[in-house]
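Listed in order, the protein sequences are those of chains V and R. Quick note on numbering: the first sequence equals residues 1 to 107 in the working numbering. Quick note on numbering: the second sequence equals residues 1001 to 1107 in the working numbering. Note that beta-carbon positions come from the ideal geometry of N, C-alpha and C, so glycine has one too.
Number of protein chains: 2
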Amino acid sequence: MICKSYKSFFNAMADECKLSIINLLSKGPLAVNDVSRKLGYEQSRVSHALTALKDNGFVVGSRNGKSMQYSLEPKIMVPLLKLIDRHVETYHRSKCGCRGVRWRDMK
Amino acid sequence: MICKSYKSFFNAMADECKLSIINLLSKGPLAVNDVSRKLGYEQSRVSHALTALKDNGFVVGSRNGKSMQYSLEPKIMVPLLKLIDRHVETYHRSKCGCRGVRWRDMK
DNA sequence: AGTTTATATGATAATAGATTCATATGATAT
DNA sequence: ATATCATATGAATCTATTATCATATAAACT
């Protein structure tokens, strides 16, 4: 039995839904409903995804009245996104046919 | 349709097999067979995993006679592992019950 | 208290990903 | 050329993760 943290870490972001949420939150904090509407995902889908992201320390949530405000954890996300952007740019440009693609270009 | 690179990036490392291989290769380059024997994994399992890691630019392979020598791509792996180590240490220590765990402690 | 709005949770269904097995390719040596 | 060793590939199976649906909790307001 190994410490599962590393797996959990990567898994937390290895799908489109969570990546889109990260991308969206990179523009600013939002409530679950806002994310849900903006991305066209079901509420519970977003909630499950945010829980996973929160459990791995990528986002933080704070209650604001009836709603929850979620925002990226900048300490990890800023250097991580920067690193990934650079790497993805280098290694995947040709594969996906998108040149100069950036995180924020994702739909 | 979105650029799948980010997903692919994280997915490439989101399982125990690939993480163990990365951990092992962090000590130095190895051939497929060596990895296979040292980790007790099947040859084809290791090969599939290394292919995924290679396709995402985390390792490079170079032929050495009959065998292939695989090694980590230091440009991405050194800063990435450092970042992850720090983050995992911070956020998951309590969850997995291992204090001060490091990448190299994985079995 | 009851109603509405917002989010979370749990169980099942659906999907994506990994592992295995059999086999193919590639390199070296005889 | 063929035998052997090393790695890669493809398809089928197995497993893990995600999405959905129904429902529960939580806060605010009347």
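- For V:S5, at least one C-beta of chain R is nearer than 8 Å to its own C-beta.
- When the five nearest sequence neighbours on each side are left out, the beta carbons in the same chain lying within less than 8 Å of the beta carbon of R:A1012 are those of K1018, A1052, L1053, D1055, N1056, F1058, in order along the chain.
- Collapsing the DSSP output to three states places V:N33 in a helix.
- Within the stretch 1021-1033 of chain R, contact with chain V at the beta-carbon level (separation under 7 Å) is assigned to no residue.
- Taking the Cβ atoms as the reference, R:S1020 lies roughly 13 Å from R:L1072, outside the contact range of under 8 Å.
- From the beta-carbon of V:V88, the residues of chain R found nearer than 7 Å are S1005, Y1006, F1009.
- Shown here, R:S1071 sits in a strand according to DSSP, grouped into three states.
- V:K75 is classed as exposed because its beta carbon has fewer than 16 other beta carbons within 10 Å across all chains shown.
- Assignment of R:N1064 by DSSP, reduced to helix, strand and coil, places it in the strand class.
- Restricting attention to V:F9, V:A14, V:Y6, V:N64, the CA atom closest to the CA of R:F1009 is found in V:A14.
- DSSP places V:K18 in the uninterrupted alpha helix (DSSP H) bounded by 16-25.
- Nearest to R:I1022 by alpha-carbon distance, out of V:Y6, V:N23, V:S47, V:R37, is V:Y6.
- V:V78 counts as exposed, since fewer than 16 other C-beta atoms from the protein chains shown sit within 10 angstroms of its C-beta.
- Taking a contact to require three or more Cβ pairs closer than 8 Å, the stretch 1026-1037 of chain R and the stretch 1062-1071 of chain R qualify as touching.
- CA-to-CA, the gap between R:L1050 and V:V35 works out to about 36 Å.
- Put simply, the backbone Cα of V:N33 is about 30 Å away from that of V:L83.
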